[in-house]
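Student: If you scroll down you'll find the structure; I have some questions about it.
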Amino acid sequence: MGIFREYDIRGVVEKDLTPDVVENIGRAYATLARERGVKRITVGRDGRLTSPGLRDTLIAGLTRAGIDVVDLGLCATPLLYFSLFHCDVDGGIMITGSHNAAEYNGFKMCVGKDALYGADIQRLREIFDNEQFAFGKGAVVEQTIIPEYLAFLKEQFSSVQAEHLQVVIDCGNGAASLVAKEALEQLGCQVTGLYCDLDGHFPNHHPDPTVVENLADLVDKVKEIKAHVGIGYDGDADRIGVIDEQGGILWGDRLLLLFARDVLDEHPGSTFISEVKASQVFYDDIEKRGGRGIMWKTGHSLIKAKMKEEQAVLAGEMSGHVFFADRYYGYDDAIYASCRLVEILVKQKKPLSSLLSDVPQTVVTPEIRVDCSDDQKFQLVEAVMQRFHEIKKTQDLGTADLPIRELITIDGVRVRFDNGWGLIRASNTQPSLVLRFEGSTQDYLSQIREFLESELADVRHGLTT
């Protein structure tokens, strides 16, 4: 079944996620978790219209297989992660469709404090397919987590005096509506909220801050009231989008660089992790400042696991996932990241647009998504990868107008040239390919993009004929 992804379970409700399927996902998780000593977990849900029904069916499966459940009710995904550190539990499941369209929903699962991904998801699928379920009778209790989370943030940022800061937030009618405004007002910020009422229809725009159109209202409001910063959230508030005071978009890798510089000031020589979509400027700046930058695979679970392995203090993705292990727990939390951003603005006493003014200016695209079916996308990327290996071998024997200097294949293929790079990889969450390009000038970017997209089109045509 296509619902078992690399680092979560996701599908269309009633089509992929039928009641029987969801209950058996609960039973399979409980079986796997009990094998690892788990007895009690938290369950949270986002504001999607289908989340209450999934909660009921999932919990029925969990308890039928002998797991006790602490039902957190409505909350953002970071609060589910927060509960793993602040509640007496051995794991947790968040019911969320994240940034997918309204008909989608799914589950982000943790055993202990670690997310399930990769081989563990496939082990869960094996239990699911073979119906090798444990049996028992678990209990359910309800517990709120939002007050404890807000109190934690208030204490963590008690020294921040942000009364002069005008902040605009756009919750996109998602789960950030439950906590974001109050969290920032605790720091003293003057907060103007857009779409801060929870509504699973997402009537104003889709809650995905990586898409430029979804940021239009935020940009307009920042300019209108002359705010210092604008902050957008995705549907379950684990991803952040940032607008500077001039209305410019601070993409995830630039935002991560801003955070990394701040951390390096306190902890010289630290290790940072980002992914194959991130600007080369990020890795170069970290190295220049004496830090260690590691390029890794895209995906929140994969990044978190790599952080532990490398003892990194901070990690992040282009998509706005930011993981602070410095002063925090190492998971992606857009609300916490908002507070850290406000803290930097208070500390620096400079406009946000000026804080990275010394960074080399490149021309870069946002993430570009190209529709591609789930059953074809990985095969296509593998074929593209082989094509570029062949091209590089040929180029190495002579000259080329656009010589390939390096192929990075840890996640799709990132093709590096003298004056930029391009990426083609398969999305782990949607039926699409993800492309991104960066060049030292617009001309170089256009050359790189035209070259890679042409090769992709040729390979795709070859696979379908």
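Sequential numbering from 16 applies to the sequence shown in this note's numbering. Even for Gly, the Cβ is constructed at its ideal location relative to N, Cα and C. Since we're looking at a predicted model, the values are computed, not measured.
#1: List the residues that DSSP assigns as beta-bridge partners of residue 290.
#2: Just the Cα atoms here: how many angstroms apart are residue 291 and residue 300?
#3: Hey, quick one: how far does the beta strand (DSSP E) through residue 447 stretch, first residue to last?
#4: By alpha-carbon positions, which one of 263, 179, 43 ends up nearest to residue 79?
#5: Residue ranges of each alpha helix (DSSP H) run of no fewer than 4 residues wholly in the segment 46 to 70, ordered along the chain?
#6: Take the Cβ of residue 227 as the centre, count every other Cβ of all protein chains shown within 10 Å, and call the residue buried at 16 or more, exposed below.
#7: Using the three-state DSSP reduction, which class does residue 102 fall into: helix, strand or coil?
#8: Quick check on residue 432: buried or exposed, where buried means 16 or more other Cβ atoms within 10 Å of its Cβ?
#9: Applying the criterion that 16 or more other CB atoms from any shown protein chain within 10 Å of the CB defines a buried residue, is residue 414 buried or exposed?
#10: What is the rounded straight-line gap between the Cα of residue 475 and the Cα of residue 461?
#11: Contact between the segment 269 to 281 and the segment 336 to 354: three or more CB pairs below 8 angstroms?
#12: In whole angstroms, give me the CA-to-CA distance for residue 154 and residue 58.
#13: Could you compute how far the alpha carbon of residue 307 sits from the alpha carbon of residue 380?
#14: With a cut-off of 8 angstroms, do at least 3 Cβ pairs link the segment 166 to 178 to the segment 320 to 328?
#15: Along the chain, where does the beta strand (DSSP E) containing residue 13 start, and where does it finish?
#16: Under DSSP, the alpha helix (DSSP H) around residue 267 begins and ends at which residues?
#17: I need the straight-line Cα distance from residue 107 to residue 127, nearest angstrom please.
#18: Assuming residue 215 contacts residue 440 under a Cβ cut-off of 8 angstroms, what Cβ separation, rounded to an integer in Å, is found between them?
#19: My parser needs the alpha helix (DSSP H) runs of 4 or more residues fully inside the segment 310 to 351; what are they?
#20: By alpha-carbon positions, which one of 69, 76, 129 ends up nearest to residue 88?
#21: Give every residue of the same chain whose Cβ lies closer than 7 angstroms to the Cβ of residue 371, excluding the five residues on either side of it in the sequence, and list them in chain order.
#22: If contacts are defined as beta-carbon pairs under 8 angstroms, then residue 385 and residue 448 qualify, I think. What distance do you get, rounded to the angstrom?
#23: Based on the DSSP secondary-structure assignment, which residues constitute the bridge partners of residue 123?
#24: If contacts are defined as beta-carbon pairs under 8 angstroms, then residue 335 and residue 256 qualify, I think. What distance do you get, rounded to the angstrom?
#25: Going straight from the alpha carbon of residue 180 to that of residue 193, what length do you get?
#26: Per the contact definition of three or more C-beta pairs closer than 8 angstroms, is the segment 114 to 125 in contact with the segment 17 to 31?
#27: For a test of the three-state rule: what should DSSP assign to residue 373, helix, strand or coil?
#28: Report the residue from 164, 19, 205, 203 whose alpha carbon sits nearest the alpha carbon of residue 124.
#29: Comparing alpha-carbon positions, which option in 82, 459, 217 lies nearest residue 55?
#30: Residue 225 to residue 401, Cα distance in whole Å?
#31: In the DSSP assignment, what residue or residues form a beta bridge with residue 421?
#32: Measuring only the C-alpha atoms, how far is residue 22 from residue 350?
#33: Measuring only the C-alpha atoms, how far is residue 222 from residue 409?
#34: By Cβ distance, which residues of its chain are closer than 7 angstroms to residue 427, with the 5 residues on each side in sequence left out?
#35: Given this structure, state the Cα-to-Cα distance separating residue 61 from residue 473, to the nearest angstrom.
#36: Quick check: what's the CA-CA separation for residue 35 versus residue 131?
Tutor: Working from what's here:
#1: Taking the first residue of the sequence shown as 1, we reach residue 290 at position 275. Beta-bridge annotation (DSSP): residue 290 is paired with 311.
#2: Sequence index remark: in the sequence shown, residue 291 carries index 276 (1-based). Sequence index remark: in the sequence shown, residue 300 carries index 285 (1-based). Counting only the Cα atoms, residue 300 lies some 16 angstroms from residue 291.
#3: Here the question's residue 447 lines up with position 432 in the sequence shown. Counted as a single uninterrupted DSSP element, the beta strand (DSSP E) harbouring residue 447 occupies residues 447 to 454.
#4: Here residue 79 is taken as the residue at index 64 of the sequence shown, counted from 1. Comparing Cα-Cα distances from residue 79 to each of 263, 179, 43, the minimum goes to 43.
#5: Runs of the alpha helix (DSSP H) inside the segment 46 to 70: none found.
#6: Translated into positions along the sequence shown, residue 227 becomes position 212. Burial check for residue 227: the Cβ neighbour count within 10 Å stays below 16, so the residue is exposed.
#7: As a working mapping, residue 102 is identified with position 87 in the sequence shown. In the displayed model, residue 102 falls within coil according to three-state DSSP, outside both helix and strand.
#8: For the purposes of this step, residue 432 is taken as residue 417 along the sequence shown, with counting starting at 1. Buried, by the Cβ-count rule.
#9: Against the sequence shown, residue 414 aligns to sequence position 399. Low per-residue confidence applies at residue 414: pLDDT is 49, beneath 50, and the placement is therefore not dependable enough to give any value.
#10: The count along the sequence shown starts at 1 and reaches residue 475 at position 460. The count along the sequence shown starts at 1 and reaches residue 461 at position 446. Inter-residue distance for residue 475 and residue 461 is about 21 angstroms (C-alpha atoms, whole angstroms).
#11: Result yes; three or more Cβ-Cβ pairs closer than 8 angstroms.
#12: Working through the sequence shown from its first residue, we reach residue 154 at position 139. Working through the sequence shown from its first residue, we reach residue 58 at position 43. When rounded, the distance between both Cα atoms is 13 angstroms.
#13: The sequence position of residue 307 within the sequence shown is 292, counting from 1. The sequence position of residue 380 within the sequence shown is 365, counting from 1. Residue 307 and residue 380: Cα-Cα distance of roughly 25 angstroms.
#14: Contact fails: fewer than three Cβ-Cβ distances are below 8 angstroms.
#15: For the chain, the structure presents residues 16 to 480; residue 13 sits outside this window and is missing.
#16: Numbered from 1 along the sequence shown, position 252 holds the residue referred to as residue 267. Here the alpha helix (DSSP H) through residue 267 covers 267 to 281.
#17: Within the sequence shown, the letter at position 92 stands for residue 107. Within the sequence shown, the letter at position 112 stands for residue 127. Between residue 107 and residue 127, the C-alpha separation is close to 8 angstroms.
#18: If you number the sequence shown from 1, residue 215 lands on position 200. If you number the sequence shown from 1, residue 440 lands on position 425. At roughly 30 angstroms, the Cβ-Cβ gap does not stay under 8 angstroms, so residue 215 and residue 440 are not in contact.
#19: As far as the segment 310 to 351 is concerned, its whole alpha helix (DSSP H) runs of at least 4 residues are 315 to 325.
#20: Locating residue 88 in the sequence shown gives position 73, counting from the first residue. Comparing Cα-Cα distances from residue 88 to each of 69, 76, 129, the minimum goes to 69.
#21: Counting from one through the sequence shown, the residue named residue 371 turns up at place 356. Excluding the 5 residues flanking it on each side, residue 371 has same chain C-beta neighbours closer than 7 angstroms at 269, 272, 273, in chain order.
#22: By 1-based counting over the sequence shown, the position of residue 385 is 370. By 1-based counting over the sequence shown, the position of residue 448 is 433. Rounded, the Cβ-Cβ distance is 4 angstroms, consistent with contact.
#23: Along the sequence shown, read from residue 1 onward, the residue named residue 123 stands at position 108. Answer by DSSP bridge pairing, in chain order: 109.
#24: By 1-based counting over the sequence shown, the position of residue 335 is 320. By 1-based counting over the sequence shown, the position of residue 256 is 241. Your pair residue 335 and residue 256 checks out as a contact, with CB atoms roughly 6 angstroms apart and the cut at 8 angstroms.
#25: Here residue 180 corresponds to residue number 165 of the sequence shown, with the count starting at 1. Here residue 193 corresponds to residue number 178 of the sequence shown, with the count starting at 1. Taken atom to atom, the span from the alpha-carbon of residue 180 to that of residue 193 is near 21 angstroms.
#26: Counting Cβ pairs under 8 angstroms, three or more are found: they touch.
#27: To locate residue 373, count along the sequence shown from 1; it is residue 358. Correct three-state label for residue 373: coil.
#28: Taking the sequence shown and counting its residues from 1, one reaches residue 124 at position 109. In this structure, 19 is the residue among 164, 19, 205, 203 with its C-alpha nearest to the C-alpha of residue 124.
#29: The count along the sequence shown starts at 1 and reaches residue 55 at position 40. A check of alpha carbon separations from residue 55 across 82, 459, 217 identifies 82 as the nearest.
#30: Locating residue 225 in the sequence shown gives position 210, where the first residue counts as 1. Locating residue 401 in the sequence shown gives position 386, where the first residue counts as 1. Cα to Cα, residue 225 sits roughly 29 angstroms from residue 401.
#31: Counting from one through the sequence shown, the residue named residue 421 turns up at place 406. In the DSSP output, where bridge partners are listed per residue, residue 421 has 431.
#32: Your numbering for residue 22 matches position 7 in the sequence shown. Your numbering for residue 350 matches position 335 in the sequence shown. Using only the alpha carbons, I get a separation of about 22 angstroms.
#33: Start at 1 with the first residue of the sequence shown, and residue 222 comes out as number 207. Start at 1 with the first residue of the sequence shown, and residue 409 comes out as number 394. Each residue's Cα considered, the two are about 44 angstroms apart.
#34: As a first step, residue 427 is located in the sequence shown; it is residue number 412 there, counting from the start. If we look at residue 427 and ignore the five residues flanking it on each side, its Cβ neighbours are 291, 396, 438, 439, 440, 441.
#35: Sequence index remark: in the sequence shown, residue 61 carries index 46 (1-based). Sequence index remark: in the sequence shown, residue 473 carries index 458 (1-based). Near 41 angstroms, if we compare the C-alpha coordinates of residue 473 and residue 61.
#36: If you number the sequence shown from 1, residue 35 lands on position 20. If you number the sequence shown from 1, residue 131 lands on position 116. Those two C-alpha atoms are separated by around 22 angstroms.
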